[in-house]
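Asker: Residue numbers (this note's numbering): 41 to 416. Beta carbons are placed, not taken as given, at the ideal position from N, Cα and C, and that holds for glycine.
1. Looking only at its chain, what residues have a beta carbon closer than 8 Å to the beta carbon of residue 95, apart from the 5 residues adjacent to it on each side?
2. Could you give the distance in angstroms between the alpha-carbon of residue 77 and the alpha-carbon of residue 123?
3. Pairs of beta-carbons, one from the stretch 141-158 and one from the stretch 392-407, closer than 8 Å: are there three or more?
4. Under a three-way DSSP split, which group does residue 157 fall into?
5. Pull the bridge partners of residue 342 from the DSSP assignment, please.
6. What's the C-alpha gap between residue 93 and residue 70?
7. May I ask you to verify whether the stretch 269-283 touches the stretch 120-135, counting CB pairs closer than 8 Å and requiring at least 3?
8. On the DSSP letters alone, give me the boundaries of the alpha helix (DSSP H) that residue 494 sits inside.
9. Please list, in chain order, all residues of the same chain as residue 117 whose beta carbon is under 7 Å from its beta carbon, the five residues on each side excluded.
10. Classify residue 262 as helix, strand or coil using the three-state DSSP reduction.
11. Since residue 214 is in the alpha helix (DSSP H), which residue starts that stretch and which ends it?
12. Can you round the beta-carbon distance between residue 296 and residue 48 to whole angstroms, since I take them to be within the 8 Å contact cut?
13. Of the residues 299, 309, 401, which one's Cα is nearest the Cα of residue 358?
14. If I follow the unbroken alpha helix (DSSP H) through residue 185, where does it start and stop?
15. Which same chain residues, not among the five before or five after residue 283, have their C-beta less than 8 Å away from its C-beta?
16. How would you write the range of the alpha helix (DSSP H) that residue 123 sits in, first residue to last?
17. Once you ignore the five residues that flank residue 65 on each side, which residues in its own chain have a CB closer than 8 Å to its CB?
18. State the start and end residues of the unbroken beta strand (DSSP E) segment that holds residue 130.
19. Count the other C-beta atoms from every protein chain shown that fall within 10 angstroms of the C-beta of residue 310, then say buried if there are 16 or more, exposed otherwise.
20. What is the C-beta distance between residue 205 and residue 385, in whole angstroms, given that I count them as a contact (C-beta under 8 Å)?
21. Check whether the Cβ of residue 297 lies closer than 8 Å to any Cβ atom in chain B.
22. I think residue 192 touches residue 228, with their Cβ atoms under 8 Å apart; what is that distance to the nearest whole Å?
23. Compute the distance between the beta-carbons of residue 367 and residue 199, then report whether it is under 8 Å.
24. In terms of alpha-carbon separation, which member of 231, 250, 209 lies closest to residue 393?
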């Protein structure tokens, strides 16, 4: 057992769309933007698989207030540099109408290898996510915490859902990015792990197939980080606003802390079959907050707001211990009232019938809370 309580530090990675302000389509301009950003942000700004994407990563944060300031600074920096180049930035899980075959691969060995290995899957990987890291410095406890966290991942997908459109069509899904991503052979939820030995043996077996070089290429929705002493949740769409990003990070941090503490207390928890977990994830991707979600403990479909309330009740002691309860409750209530990003995007389209208006809405909401107010 650990001799100290983890700090449950948090770090967030977000992937952004680069937008041409004239056409509202994706613009393959990361080759111009990322070097400028790295001159001031260092490794907190990175390339992604396509040149129409930019990834940012916060520093290690100890509070939601610190995280909010980091995200404000990083989003502002990306938006400001983009504006200098006559471009816009949007934070949404998919672009409403840009097609995958118009996207250019980033000319780096990592991404060239991905295209060579995965072919069409990699070519269609024009999606934008959010990853949250929570600090735990004990690998065995990290894996035991993972076993419990996986039961709530579908609820997190529903709250963050922000990708209803794909290739110019309404997909009918709240998070179509989730469905695009789940096609990859090493994506989705992992099974539970009995020990670090079992985890390492699985990783070694996967690596031995030649599919990947190391555990960093295993893209599960929740996984122990290869490089940091963290548990990483990777299942969420990037959200339109900083408020939503902070909400998701606060919920993930509290969820990890709750599951960690229940592990120490050896409290029982339901271990569900992968087939049933896939159903829960499909419901979350399909409906988001607009209809029903699966309560994994009972496998009953219940109103989304009820399942979100279940999550809040489950993590409330951890939220209170982190000093985040009132802020997160307020943000979640706002999300339920105004709708997640998918619902807000769809509302714009239903009102105007124009996907360019949806892009404009995404750009505007992405700037919410940013110091940048002028667009090119």
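Answerer: Concretely, from the data shown:
1. Only 53, 54, 55, 56, 85, 86, 87, 88 meet the Cβ criterion.
2. 12 Å
3. Segments in contact, no.
4. Helix.
5. 333
6. Cα-Cα distance, rounded: 6 Å.
7. Three or more beta-carbon pairs drawn from the stretch 269-283 and the stretch 120-135 are found closer than 8 Å, and the two stretches are therefore classed as touching.
8. Shown here, the chain extends from 41 to 416; a query on residue 494 therefore has no answer.
9. 77, 80, 81
10. strand
11. Residue 214 -> no alpha helix (DSSP H), and no H or E assigned at all.
12. Right, their Cβ atoms sit about 7 Å apart.
13. 299
14. 179-189
15. Here the set comprises 371, 374, 408, 409.
16. 104-124
17. A distance below 8 Å between beta-carbons, with the five flanking residues on each side excluded, links residue 65 to the following residues of its chain, in chain order: 59, 135, 137, 138, 142.
18. Where residue 130 is concerned, the enclosing beta strand (DSSP E) stretches over 128-130.
19. exposed
20. 7 Å
21. This model lacks chain B altogether, as it is built from one protein chain only.
22. Not a contact, Cβ separation roughly 15 Å.
23. no
24. 209
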